[in-house]
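Numbering (my numbering), first residue to last: 13 to 452.
C-beta atoms are modelled at their ideal positions from N, C-alpha and C, and glycine is treated no differently.
Below you'll find the structure, written out as structure tokens, and then a few comments.
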Amino acid sequence: MKVVNVGLIGLGTVGTGTLRILQRNSQEITGRTGREITVTRVAVGDLNKQRDADLEGIVLSGDPMDIARDPAIDIVVEMIGGDDIAKEVVLEAIRHKKHVVTANKALIAVHGNEIFALAEKHNVAVTFEAAVAGGIPVIKAIREGLSANRIEWLAGIINGTCNYILTRMEQDGLGFAEVLSDAQALGYAEADPEFDVEGIDAAHKLTILASIAFGIPLQFDKLHIQGISEITIEDIEYAKELGFRIKHLGIARSSDAGIELRVHPAMVPVDRLIAGVNGVMNATLVQSDAVGPTLYYGAGAGAEPTGSAVVADIVDVVRSMGDIGENSGASPVPQLGFLPGSMPDRQIVPIEDVETAYYLRMKVINRPGVLAAITKIFGDSDISIATILQKSHGANNTEVTIIMLTQIALESNLNQAVTHIRKIDSVTSEIQSIRLENLA
Ligand code: NDP
Ligand code: HSE
Numbered sequence: 013m014k015v016v017n018v019g020l021i022g023l024g025t026v027g028t029g030t031l032r033i034l035q036r037n038s039q040e041i042t043g044r045t046g047r048e049i050t051v052t053r054v055a056v057g058d059l060n061k062q063r064d065a066d067l068e069g070i071v072l073s074g075d076p077m078d079i080a081r082d083p084a085i086d087i088v089v090e091m092i093g094g095d096d097i098a099k100e101v102v103l104e105a106i107r108h109k110k111h112v113v114t115a116n117k118a119l120i121a122v123h124g125n126e127i128f129a130l131a132e133k134h135n136v137a138v139t140f141e142a143a144v145a146g147g148i149p150v151i152k153a154i155r156e157g158l159s160a161n162r163i164e165w166l167a168g169i170i171n172g173t174c175n176y177i178l179t180r181m182e183q184d185g186l187g188f189a190e191v192l193s194d195a196q197a198l199g200y201a202e203a204d205p206e207f208d209v210e211g212i213d214a215a216h217k218l219t220i221l222a223s224i225a226f227g228i229p230l231q232f233d234k235l236h237i238q239g240i241s242e243i244t245i246e247d248i249e250y251a252k253e254l255g256f257r258i259k260h261l262g263i264a265r266s267s268d269a270g271i272e273l274r275v276h277p278a279m280v281p282v283d284r285l286i287a288g289v290n291g292v293m294n295a296t297l298v299q300s301d302a303v304g305p306t307l308y309y310g311a312g313a314g315a316e317p318t319g320s321a322v323v324a325d326i327v328d329v330v331r332s333m334g335d336i337g338e339n340s341g342a343s344p345v346p347q348l349g350f351l352p353g354s355m356p357d358r359q360i361v362p363i364e365d366v367e368t369a370y371y372l373r374m375k376v377i378n379r380p381g382v383l384a385a386i387t388k389i390f391g392d393s394d395i396s397i398a399t400i401l402q403k404s405h406g407a408n409n410t411e412v413t414i415i416m417l418t419q420i421a422l423e424s425n426l427n428q429a430v431t432h433i434r435k436i437d438s439v440t441s442e443i444q445s446i447r448l449e450n451l452a
């Protein structure tokens, strides 16, 4: 039986999970590929670190380029993260005619167009299932399973750390910082957790999903990005009272105006399936013209869930290899689902032109005329109010919190209304606004 030699670059959370699965399930994997897949080399940052992995027979190196250039290696698996060294290593591996598997969404979202062009030139595969939604094979599902469909929109909980934090805040009443450190300890968070909580990681993933769904180039710089750091337990409680749950969503939607690409917290009706996706679990809901809605659910982060997607990519690459060493047969499936340049250019809709309903929360001094002044501003901005709640505070109800839900409104009108409301003397707090997404 022919042997496929794999070099792992990075042996952290994902690298360790990947190695463990390749070792534990070698019989099944060989049964599925007809090849023996062996990890012969691993590169790490710190050669002296204690490893929770069986490294017998594996050559450890401190320089990832050793693996990218090693003529004996067939597949390079990049699991170090970031887009500097990772990019150099991946490009070097491709130049050396190696197939590449990566879990790195930042790399694909920001440099994917360049990487795929080089891979095409050298006739090698670059696969990245683990880059989006951890262990859920959502890329394969959209790119291959839904290839008959015109996709209308997709909406996903695609950052496990954010979902874990929002869930623990709601279920355990814990504060943001406390829960974030738990997510880090569990290996869910990025090296810089700001990437998670400020929405950048989800934006990397949405960039990739949107490309695969709509045949548009990867264009991370065009996304509207908001994280969850401004969400308070108060908002979570009011959402519950109103029949919603706050989720951090990535939304890509095709309309006559173009493609909406946005990542932000959103209130979702509590009876939607996606509202029940908790903890580190991810889910992506895809609305397509032929099949209708489909939902993909599973673990969005962690060692073995992510390792599962990495190993599945290795299996795909091995299946598409001809005689090993000749690098024949990069997969016939285009990396991003569509042949480059095969779809018309679509404009990305500016966020000011997006229409959604809103939840708004503000504190005001409890005196006659304040509510009337606020509602007048909404009327003048062409925004209809759907619901108003008022909660009293203070010994003599001197201050009240006003919570409003609007009907669907244009984002620029909402911004204009908020700017005017801020100028009312009786408004004593910042105005919290969260989009409502019906996802029907
Ligand atoms: P970790 O920080 O746990 O692991 C990174 C690994 O890369 C470590 O083994 C580190 O070495 C190694 N490394 C760093 N710099 C170098 C270098 N210059 N040369 C060689 N090795 C180096 O990260 P994760 O495993 O969490 O993430 C890896 C990738 O997977 C990232 O792109 C991330 O976005 C992605 N991902 C992560 C998921 C998760 O659940 N954690 C889920 C899906 C994707 P050392 O061990 O010596 O420090
Ligand atoms: N930090 C990422 C998350 C890892 O929390 O979803 C999985 O991509």
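*Unbroken beta strand (DSSP E) runs of length 3 or more, entirely within the region 393-427: which are they?*
397-405, 411-418
*Three-state secondary structure assigned by DSSP to isoleucine 446*: strand
_3 or more residues per run - each beta strand (DSSP E) lying fully within the region 52-124_ = 71-73, 87-90, 111-114
_Close Cβ partners of isoleucine 397 (< 7 Å) along its chain, the five nearest in sequence each way excluded_ = Thr387, Phe390, Met416, Thr418
*Can you round the beta-carbon distance between isoleucine 400 and proline 277 to whole angstroms, since I take them to be within the 8 Å contact cut?*
Their Cβ separation, rounded to whole angstroms, is 21 Å, which puts isoleucine 400 and proline 277 out of contact at 8 Å.
_Spatial neighbours of asparagine 116 within its chain, please: C-beta separation below 7 Å, excluding the five flanking residues on both sides._
Glu90, Gly93, Ala98, Ala143
*CB of asparagine 17 within 8 Å of CB of threonine 50, strictly*: yes
_Distance CB(glutamate 367)-CB(alanine 167) smaller than 8 Å_ = no
_Whole-angstrom distance between arginine 274 and asparagine 339, CA atom to CA atom_ = Residue confidence for asparagine 339 is low, a pLDDT of 48 falling below 50, so the modelled location carries little weight; the figure read from the coordinates is stated next. The alpha-carbon atoms of asparagine 339 and arginine 274 are separated by roughly 38 Å.
*Please state if the CB of asparagine 161 and the CB of serine 300 are separated by a distance shorter than 8 Å.*
yes
*Skipping 5 residues on each side, what residues in its chain have a beta carbon closer than 8 Å to that of phenylalanine 226?*
Ile163, Ala264, Ser266, Ile271, Met355, Arg358
*Who are the Cβ neighbours of isoleucine 402 in its own chain at under 6 Å, not counting the five residues just before and after it?*
Note on residue identity: the sequence assigns glutamine, not isoleucine, to residue 402. Answer for glutamine 402: Val412, Ile414, listed in chain order.
*Going along the chain, which residues of its own chain have a beta-carbon closer than 8 Å to the beta-carbon of aspartate 64, five neighbours each way excluded?*
Thr28
*Regarding glutamate 364 and ligand 2, is the C-beta to nearest heavy atom distance less than 7 Å?*
no
*Span of the beta strand (DSSP E) around alanine 278*: 270-281
_Taking the alpha helix (DSSP H) that serine 38 belongs to, which residues open and close that run?_
38-45
*Taking the DSSP output, what are the residues bridged to leucine 34?*
Leucine 34 is not bridged to any residue.
*asked:* isoleucine 127 and glycine 349 - do their beta-carbons sit closer together than 8 Å?
replied: no
*Is there contact here, the region 98-112 with the region 76-90, by at least three beta-carbon pairs under 8 Å?*
yes
_Backbone CA spacing between isoleucine 120 and histidine 216 [nearest angstrom]_ = 8 Å
_Supposed contact pair alanine 137 and alanine 131 - C-beta distance, whole angstroms, cut 8 Å_ = 7 Å
*N- and C-terminal bounds of the alpha helix (DSSP H) containing asparagine 175*: 172-184
*Would you mind giving the Cβ-Cβ distance between leucine 372 and glutamine 428, rounded to the nearest angstrom? I have them listed as a contact below 8 Å.*
Actually they do not touch by this definition, with Cβ atoms about 13 Å apart.
*Using DSSP bridges, identify the partner residues of phenylalanine 256.*
Pro281
_Separation of lysine 375 from valine 26, as counted between CA atoms_ = 45 Å
_For the structure I just gave you, are there three or more beta carbon pairs, one from the region 181-200 and one from the region 242-258, closer than 8 Å?_
yes
*Between which two residues does the alpha helix (DSSP H) harbouring valine 7 extend?*
Residue coverage of the chain in this structure runs from 13 to 452, which leaves residue 7 outside it and unanswerable.
*Extent of the continuous alpha helix (DSSP H) run through glutamate 316*: 315-332
*What does the shell around ligand 2 hold, if a residue joins when its beta-carbon is under 6 Å from any heavy atom?*
Gly146, Asn171, Gly172, Thr173, Tyr200, Ala201, Glu202, Asp208, Asp213, Gly312, Ala313
*What's the C-alpha gap between alanine 369 and isoleucine 326?*
43 Å
_So for alanine 129, helix, strand or coil by DSSP?_
helix
*Could you please give the first and the last residue of the uninterrupted alpha helix (DSSP H) stretch that includes glutamate 364?*
No alpha helix (DSSP H) contains glutamate 364, which DSSP labels as neither H nor E.
*When the Cα of serine 241 is compared with those of Thr306, Gly334, Asp268, Leu178, which residue comes out closest?*
Leu178
*DSSP three-state assignment for arginine 155, whether helix, strand or coil*: helix
*Are glycine 312 and asparagine 290 closer than 8 Å when you measure CB to CB?*
no
*Compute the beta-carbon to beta-carbon distance between histidine 123 and aspartate 95, rounded to the nearest angstrom, for a pair I have assumed lies under 8 Å.*
6 Å
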